[in-house]
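In order, the protein sequences belong to chains B and H.
Here this note's numbering is used: the first residue of the first sequence is 1, the next is one more, and so on.
Here this note's numbering is used: the first residue of the second sequence is 1, the next is one more, and so on.
Where a beta carbon is used, it is the ideal one built from N, C-alpha and C, also for glycine.
Quick caveat: nothing in here was measured; it's all calculated off a predicted structure.
Let me begin by presenting the structure, written as structure tokens, before commenting on it.
There are 2 protein chains.
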Amino acid sequence: MTRKAATVRDVAKLAGVSPKTVSNVVNMQAHVRSSTRARVEAAIAALGYQPNLTARSLRSGRTRTIALALPEVNLDYFAELAEAVISCAERYGFTVVIELTGGHRERELNVLTSPRRLVTDGLIFSALGMSQDDAELLRRPYPLVLLGERIFDGPTDHVTMHNVAAARAGTEYLIKLGYRRIAVIGAHDKEVVGSAGLRLRGYREALDAAAMPFDPSLVGEAGPWHRRDGAAAARQLLASRVPFDAVFCFNDALALGAMRALQEEGVRIPEQVGVLGFDNVDDGQYAVPSLTTVDPGMPQLVESAIRLLIERIDSEEDLPPREVLAPFSICERESTRATR
Amino acid sequence: MTRKAATVRDVAKLAGVSPKTVSNVVNMQAHVRSSTRARVEAAIAALGYQPNLTARSLRSGRTRTIALALPEVNLDYFAELAEAVISCAERYGFTVVIELTGGHRERELNVLTSPRRLVTDGLIFSALGMSQDDAELLRRPYPLVLLGERIFDGPTDHVTMHNVAAARAGTEYLIKLGYRRIAVIGAHDKEVVGSAGLRLRGYREALDAAAMPFDPSLVGEAGPWHRRDGAAAARQLLASRVPFDAVFCFNDALALGAMRALQEEGVRIPEQVGVLGFDNVDDGQYAVPSLTTVDPGMPQLVESAIRLLIERIDSEEDLPPREVLAPFSICERESTRATR
DNA sequence: CTGAAAGCGCTAACAG
DNA sequence: CTGTTAGCGCTTTCAG
Numbered sequence: 001m002t003r004k005a006a007t008v009r010d011v012a013k014l015a016g017v018s019p020k021t022v023s024n025v026v027n028m029q030a031h032v033r034s035s036t037r038a039r040v041e042a043a044i045a046a047l048g049y050q051p052n053l054t055a056r057s058l059r060s061g062r063t064r065t066i067a068l069a070l071p072e073v074n075l076d077y078f079a080e081l082a083e084a085v086i087s088c089a090e091r092y093g094f095t096v097v098i099e100l101t102g103g104h105r106e107r108e109l110n111v112l113t114s115p116r117r118l119v120t121d122g123l124i125f126s127a128l129g130m131s132q133d134d135a136e137l138l139r140r141p142y143p144l145v146l147l148g149e150r151i152f153d154g155p156t157d158h159v160t161m162h163n164v165a166a167a168r169a170g171t172e173y174l175i176k177l178g179y180r181r182i183a184v185i186g187a188h189d190k191e192v193v194g195s196a197g198l199r200l201r202g203y204r205e206a207l208d209a210a211a212m213p214f215d216p217s218l219v220g221e222a223g224p225w226h227r228r229d230g231a232a233a234a235r236q237l238l239a240s241r242v243p244f245d246a247v248f249c250f251n252d253a254l255a256l257g258a259m260r261a262l263q264e265e266g267v268r269i270p271e272q273v274g275v276l277g278f279d280n281v282d283d284g285q286y287a288v289p290s291l292t293t294v295d296p297g298m299p300q301l302v303e304s305a306i307r308l309l310i311e312r313i314d315s316e317e318d319l320p321p322r323e324v325l326a327p328f329s330i331c332e333r334e335s336t337r338a339t340r
Numbered sequence: 001m002t003r004k005a006a007t008v009r010d011v012a013k014l015a016g017v018s019p020k021t022v023s024n025v026v027n028m029q030a031h032v033r034s035s036t037r038a039r040v041e042a043a044i045a046a047l048g049y050q051p052n053l054t055a056r057s058l059r060s061g062r063t064r065t066i067a068l069a070l071p072e073v074n075l076d077y078f079a080e081l082a083e084a085v086i087s088c089a090e091r092y093g094f095t096v097v098i099e100l101t102g103g104h105r106e107r108e109l110n111v112l113t114s115p116r117r118l119v120t121d122g123l124i125f126s127a128l129g130m131s132q133d134d135a136e137l138l139r140r141p142y143p144l145v146l147l148g149e150r151i152f153d154g155p156t157d158h159v160t161m162h163n164v165a166a167a168r169a170g171t172e173y174l175i176k177l178g179y180r181r182i183a184v185i186g187a188h189d190k191e192v193v194g195s196a197g198l199r200l201r202g203y204r205e206a207l208d209a210a211a212m213p214f215d216p217s218l219v220g221e222a223g224p225w226h227r228r229d230g231a232a233a234a235r236q237l238l239a240s241r242v243p244f245d246a247v248f249c250f251n252d253a254l255a256l257g258a259m260r261a262l263q264e265e266g267v268r269i270p271e272q273v274g275v276l277g278f279d280n281v282d283d284g285q286y287a288v289p290s291l292t293t294v295d296p297g298m299p300q301l302v303e304s305a306i307r308l309l310i311e312r313i314d315s316e317e318d319l320p321p322r323e324v325l326a327p328f329s330i331c332e333r334e335s336t337r338a339t340r
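Right under this line is the structure:
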């Protein structure tokens, strides 16, 4: 494919001015006589001139593009996150590049150090494979905002939510509804930090506060957090014959999968078992029954992340690391008993 | 934020060679003595040198980045499409930039003419707002592959599926199962081309072939194709009191929404009403009941699109427009009666 | 208000 | 095998 693009020089020649003048016209500089401006604009139109962004970036070091690194986009939560980031960034005049990591530490590190970071003004980074030990690797020479629950108190801005408090509130909500044997799906063995670890902590805090015993046989592990994993964990829970009257799933996909598996076995929701999700993904409203869930305040989270990042991009000096916590709430629907 | 990056010259100076030699080392050229190579590599490591991609692009005119323009990413079909494109492109060594259009014609035209096209080697373009009349606007000076059913026989490569045949096959499948009053959800009034128009055509062809009457009161309009629209259309169908024993939804989101609404009204699926979707999105497997659907062969579609695009990127001459049709199949699940 | 010249970081072409 | 030169298209001095 050939791509013969007109340059400033072509325009300048046609308009009978210098390249600089063309540049001034294009960039809305004031110091151009209006007759000159008109001639230049005519030449631009005639040649179909478009400024070459590559060259402009080379010159300015800015691209007006930010990258969003995500584990994947084919999980509702991340799809909604991507959508939100893209449309929020657009409002600030930025284009978003999405880079996928699969949640693998190696690929995450690769995103952090990739030469692509030079053609991007900043990075919003949703880490999953990296862990607290990798915190120092987040010290990078470009604007960076971290999302998620893998690393705290790192050298960069961090936007996340009150996972422990939210999970605790969700569990307390189930307790308030009268559920007494509350199972969990989505735990990660030995994990302390990270969404799974924090949400499990919140769950335990709620049990403790209600003086209810913690029963490890009610804790369902689930590595990835997709529907199929939720379905598998629910089946295992049923097979174990441990009695339970509610399931707190650590995300909505797990919950939707678990609901499917429970219903396959003839379990009635919410009468026999109540189900609580986490994320408030759109699908939850259309499931049968619709899904009660913890809403993690994604709009605020995204808005904060973008604002912090742009502040960093526009700032000359090095800003200290900042942390923002998005607010949460509980979204009551049909998969749990009605409030009494 | 300061960003002091080492350049080829810094490396060259430290290694005691010329910039060109550094370039040779970085780009794996053979003509470098191994001792020199070692010195240069040591210098690169010492300075943490990373090639500046902006400059490289400026020089080569290539960015190894392709853009994927989509209406949105928060609809399972597009999320899965994006995921597939990103991972397929990665296999060919390309990074993907996603640009969202919201399905609005203006924004689609903007994507086509944006100066960003100069920093992208090619574009995979899923049109929704543009129509057949806009075909000529697809004649662009860069590699472009069109996806979707809005424009046919345009001046560019086009990858799509046999919509009419697939919709016909889906409808025939329902007929074979014994359904006789088959409603439709997702029609667009007056649309002839476009997914809605083509799928409606396939539906009518199947009715004709089976000598079954076409009843306009069984056709449910739905502008956007989200769950909520499917739910609304199903409610309207029920409210109209027209008898029907099956619903063919033009995509899975509509079907999932419709199933939700039908079940809210106590309709049993598939005993009283069978439901057929289109897209074979992952969620369909986990719905209750799981969704029978038309599988549009997305992997093949994506692979073809990427291959056509890369061929165009690598080709010196102008290739003629090509059209590829992905194969389809029917995915039988619980939302329709079992085959007799 | 406008022009000329320099240079962002890289690589292709050509010498040595 | 390695160095020198030039230039991608733009913007930013600095002179007119």
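Answer yes or no: do L341 of chain B and V302 of chain B have a C-beta to C-beta separation smaller than 8 Å?
Because chain B here runs from 1 to 340, residue 341 of chain B falls outside it and cannot be looked at.
R228 of chain H to G266 of chain H span [Cα, whole Å]
18 Å
Quick check on L319 of chain B: buried or exposed, where buried means 16 or more other Cβ atoms within 10 Å of its Cβ?
Residue environment analysis places L319 of chain B among the exposed positions, since fewer than 16 neighbouring C-beta atoms fall within 10 angstroms of its C-beta.
DSSP state of V73 of chain B mapped onto helix, strand, coil
coil
Quick one: complete alpha helix (DSSP H) runs, 4+ long, within the region 36–91 of chain B?
53–60, 76–91
Mind the definition here: the region 19–28 of chain B touches the region 77–91 of chain B only if three or more C-beta pairs lie below 8 Å; say whether that holds.
Flag = no, the region 19–28 of chain B and the region 77–91 of chain B do not touch.
Is the Cβ of N52 of chain B closer than 8 Å to any Cβ of chain H?
Residue-level contact by beta carbon holds for N52 of chain B and chain H, with a gap shorter than 8 Å.
Excluding the 5 residues preceding and the 5 following D76 of chain B in the sequence, name in chain order all residues of the same chain whose CB lies nearer than 8 Å to its CB.
D252, A253, D279, V281, D282, D283
Is there a Cβ from chain B that is less than 8 Å from the Cβ of G257 of chain H?
yes
Go through its chain and collect everything with a Cβ distance to G48 of chain H's Cβ below 7 Å, but skip five positions before and after it.
A6
Where S329 of chain B falls: helix, strand or coil (DSSP)
strand
Chain-ordered neighbours of V26 of chain H on chain B, where CB pairs are closer than 8 Å:
Those do not exist, as V26 of chain H stays about 10 Å from chain B at its closest Cβ, beyond 8 Å.
Tell me the residue span of the beta strand (DSSP E) that contains I98 of chain H.
From DSSP, the beta strand (DSSP E) with I98 of chain H extends over 95–100.
Tell me the DSSP secondary structure of D252 of chain B in three-state form.
helix
Consider the Cβ of T95 of chain B: report whether some Cβ of chain H lies at a distance smaller than 8 Å.
Yes, because at least one Cβ of chain H sits closer than 8 Å to the Cβ of T95 of chain B.
Just to confirm my understanding: we take V32 of chain B, look at its own chain, exclude 5 residues before and 5 after, and list those with CB closer than 6 Å. What are they?
Around V32 of chain B: N24, V25.
Residues of chain H with a CB under 9 Å from the CB of N74 of chain B: which are they?
Those are D76, A79, E80, A82, E83, A84, D282, listed as they occur along chain H.
Would you call the region 289–301 of chain B in contact with the region 130–145 of chain B, where contact means no fewer than 3 C-beta pairs closer than 8 Å?
no
Which residues in chain H have a C-beta closer than 9 Å to the C-beta of S57 of chain B? List them in chain order.
T54, S57, L58, V119
On the three-pair Cβ rule with 8 Å, is the region 151–159 of chain B touching the region 86–106 of chain B?
no
By the criterion of Cβ-Cβ separation under 9 Å, what are the contact partners of V272 of chain H in chain B?
The sequence shown places Gln at residue 272 of chain H, not Val. Here the premise fails: no neighbours, minimum Cβ distance about 15 Å.
DSSP three-state label for S304 of chain H, please.
helix
With 16 other CB atoms within 10 Å as the buried threshold, where does S304 of chain B fall?
buried
On the DSSP letters alone, give me the boundaries of the alpha helix (DSSP H) that A196 of chain H sits inside.
Start and end: 194–209.
Would you call S60 of chain B buried or exposed, if buried means 16 or more other Cβ atoms sit within 10 Å of its Cβ?
exposed
Decide if F214 of chain H is buried, meaning its Cβ has at least 16 other Cβ atoms within 10 Å, or exposed.
Around the C-beta of F214 of chain H, fewer than 16 other C-beta atoms lie within 10 Å, and the residue is accordingly described as exposed.
Would you say the region 178–189 of chain H touches the region 206–226 of chain H, given that touching needs at least three Cβ pairs under 8 Å?
yes
Could you tell me the alpha carbon to alpha carbon distance between V17 of chain B and N52 of chain B, rounded to whole angstroms?
If you take the alpha carbons of V17 of chain B and N52 of chain B, they lie about 19 Å apart.
Please classify A326 of chain B as buried or exposed, where buried requires at least 16 neighbouring CB atoms within 10 angstroms.
buried
At 8 Å on the CB atoms, spell out the chain H contacts of A231 of chain B, in chain order.
Y286
V247 of chain H to L256 of chain B, Cα distance in whole Å?
23 Å
DSSP puts P246 of chain H in a beta bridge; with which residues?
Rather than Pro, the amino acid found at residue 246 of chain H in this sequence is Ala. Paired residues: H:I182, H:G274.
Residues in the same chain with beta-carbon distance under 6 Å from A167 of chain B, minus the five sequence neighbours each way, listed in chain order, please.
R199, G202, Y203
What do you get for V11 of chain H, buried or exposed, if any count of 16 or more other CB atoms within 10 angstroms of its CB means buried?
Counting Cβ neighbours within 10 Å, V11 of chain H comes out buried, since at least 16 surround it.
Assigned secondary structure, L291 of chain B (DSSP; H/G/I helix, E/B strand, else coil):
coil
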